[in-house]
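One structure below.
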Amino acid sequence: MLVQVHSLSRSFGHGPTRVDAVKQVSFQFDRGEIFGFIGPNGAGKSTTMRILASLDLPTSGDCTVAGLSTIDDADRVRRLIGYMPDSYGAYPNMTVWEYLDFFSRAYDMPIDRRTRAVGDVIDFCQLGGLREKLVTTLSKGMKQRLCLGRCLIHDPQLLILDEPSAGLDPRARIEFRELLRLLAGQGKAIFISSHILAELEELCDAVAIIEQGALVAAGKVREIKAAVAHKAQVQAAAEPDTATETIEIRLAAPVERLAATLAEQPELGEIQIDHLLITARCPALAATQAALLKRLIEAGLPVCRFAARERNLEDLFMHLTEGKVA
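Our numbering runs 3 ahead of the 1-based position in the sequence shown.
What follows is the structure, given as structure tokens:
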């Protein structure tokens, strides 16, 4: 594995004022993978990312990149990573080309390689028409592309991106996401945090969910879904009278008095109607749902689909976390 995080902990302060920001966190991912890092504000995401970027030291535990410790081999690790923090400064009097050239010089790249690298990055990030523009005149989306280019200038194996889509408009988010897919396809590992969970579900191969500094789940999204579904099934079997789930009912055509008909069904709660799609909470018992479906059809509803809704990443996050911070 390219990236391995072992029992990572980070505390601040001492005695009664001590704060355990990260608690025994472990995960791993490899080249060509996009690994999402999810959690509420204050959960420990940025602290973990800074430690992996060798910009902070853990209280205990270790991180390795390509077998190199971010503690003992920090200088060598920094040549393997590109780090984009959640906020970053820009040099006001630099053009796009000068900005990238400045960072290529910081990596002590020879002139021929430097010129080629800056040109390649400008082409990849689609900044060709902006090379002579001042950085401060760029839009938020173009600045994010430029910062990604800065992360790529030395051809790292690992990208660490802390909320890279924050503040971007929908088109800029989509275009930025496509750049990340291209980079993963080139074999780069990408470690990314975001509050836009639908975006991460579409983008990531695996995720880790953190709350109060501790991991509550980590792995492939489908594996986490399966584990949560199995737990729900066990709960439903143990507590058949209280277990509920969200169901989706799709109609083949509009009907009159739909809301009134649904309101007459005692099993349904939290009803939402979106044209021909109905979502609602319902007891998880198969017999109860079968009886409900029978009554809906008898009431004249042209039901063409009736099924439990598959959990998405937002559902998993809400199910696994409690909204607490460390």
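Even glycine gets a Cβ: it sits at the ideal position worked out from N, Cα and C.
In whole angstroms, what is the alpha-carbon distance linking residue i and residue j?
{"i": "V8", "j": "F15", "result": "20 Å"}
{"i": "F32", "j": "A256", "result": "47 Å"}
{"i": "A192", "j": "P88", "result": "17 Å"}
{"i": "S72", "j": "G92", "result": "28 Å"}
{"i": "G131", "j": "G122", "result": "8 Å"}
{"i": "R119", "j": "H157", "result": "11 Å"}
{"i": "I199", "j": "P173", "result": "11 Å"}
{"i": "F106", "j": "L83", "result": "15 Å"}
{"i": "E273", "j": "E214", "result": "27 Å"}
{"i": "Q27", "j": "H322", "result": "22 Å"}
{"i": "L164", "j": "L203", "result": "12 Å"}
{"i": "L149", "j": "G216", "result": "31 Å"}
{"i": "A24", "j": "T324", "result": "16 Å"}
{"i": "S29", "j": "S90", "result": "26 Å"}
{"i": "Q129", "j": "E181", "result": "12 Å"}
{"i": "P43", "j": "L218", "result": "12 Å"}
{"i": "V3", "j": "Q268", "result": "This structure cannot settle anything about residue 3, because the visible part of the chain is limited to 4 through 329."}
{"i": "F194", "j": "E313", "result": "26 Å"}
{"i": "I37", "j": "A230", "result": "21 Å"}
{"i": "N315", "j": "Y110", "result": "41 Å"}
{"i": "D126", "j": "A283", "result": "49 Å"}
{"i": "G35", "j": "S10", "result": "24 Å"}
{"i": "L206", "j": "R225", "result": "13 Å"}
{"i": "T51", "j": "S196", "result": "11 Å"}
{"i": "L55", "j": "L133", "result": "32 Å"}
{"i": "I227", "j": "D318", "result": "11 Å"}
{"i": "V258", "j": "K297", "result": "17 Å"}
{"i": "F179", "j": "I281", "result": "34 Å"}
{"i": "V124", "j": "C66", "result": "28 Å"}
{"i": "R184", "j": "E301", "result": "49 Å"}
Closer than 8 Å by C-beta to residue i: which residues in its own chain qualify, once you throw out the five before and the five after it? Chain order, please.
{"i": "R21", "result": "S14 and F15"}
{"i": "E135", "result": "T98, V99 and W100"}
{"i": "I276", "result": "L261, A262 and L265"}
Three-state secondary structure (DSSP) at residue i?
{"i": "I274", "result": "strand"}
{"i": "R308", "result": "strand"}
{"i": "R253", "result": "strand"}
{"i": "G222", "result": "strand"}
{"i": "V231", "result": "helix"}
Please list the terminal residues of the continuous alpha helix (DSSP H) segment that includes residue i.
{"i": "D23", "result": "D23 -> not in any alpha helix (DSSP H); beta strand (DSSP E) instead, spanning V22 to F32."}
{"i": "H322", "result": "L316 to L323"}
{"i": "L261", "result": "L261 to A266"}
Using a Cβ-Cβ distance cut-off of 8 Å, determine whether residue i contacts chain B.
{"i": "D76", "result": "Of the protein chains in this structure there is only one, and it is not chain B."}
Considering just the uninterrupted stretch of the beta strand (DSSP E) at residue i, what are its terminal residues?
{"i": "R134", "result": "First-last for R134: undefined, no H or E at that position."}
{"i": "T282", "result": "L280 to P286"}
{"i": "R298", "result": "Note, R298: premise wrong, no beta strand (DSSP E); alpha helix (DSSP H) at A289 to E301."}
{"i": "H9", "result": "V6 to F15"}
{"i": "G39", "result": "I37 to I41"}
By Cβ distance below 7 Å, which residues in the same chain neighbour residue i in space, the five residues on each side in sequence not counted?
{"i": "L254", "result": "L279, L304, P305, V306 and C307"}
{"i": "R53", "result": "D59"}
{"i": "E270", "result": "C285, P286, T291 and L295"}
{"i": "F320", "result": "I41, L200 and I212"}
{"i": "S57", "result": "T73, A77, V80 and R81"}
{"i": "G170", "result": "K143"}
{"i": "G190", "result": "R34 and G35"}
Suppose the cutoff is 6 Å on Cβ atoms and the five residues either side in sequence are ignored; what does the same chain contact list for residue i look like?
{"i": "A311", "result": "E248 and I250"}
{"i": "R117", "result": "S107"}
{"i": "A175", "result": "G144"}
{"i": "V138", "result": "A93, M97 and Y102"}
{"i": "K223", "result": "A209"}
{"i": "R153", "result": "F106"}
Is any heavy atom in the ligand NAD found nearer than 7 Å to the beta carbon of residue i?
{"i": "H198", "result": "You won't find the ligand NAD in this model; it holds no ligand whatsoever."}
Beta strand (DSSP E) runs wholly inside the segment 49-130, at least 3 long, in chain order: 63-68 and 84-87
Within the segment 154-211, note down every full alpha helix (DSSP H) run reaching 4 residues or more, in order along the chain. 173-188 and 200-206
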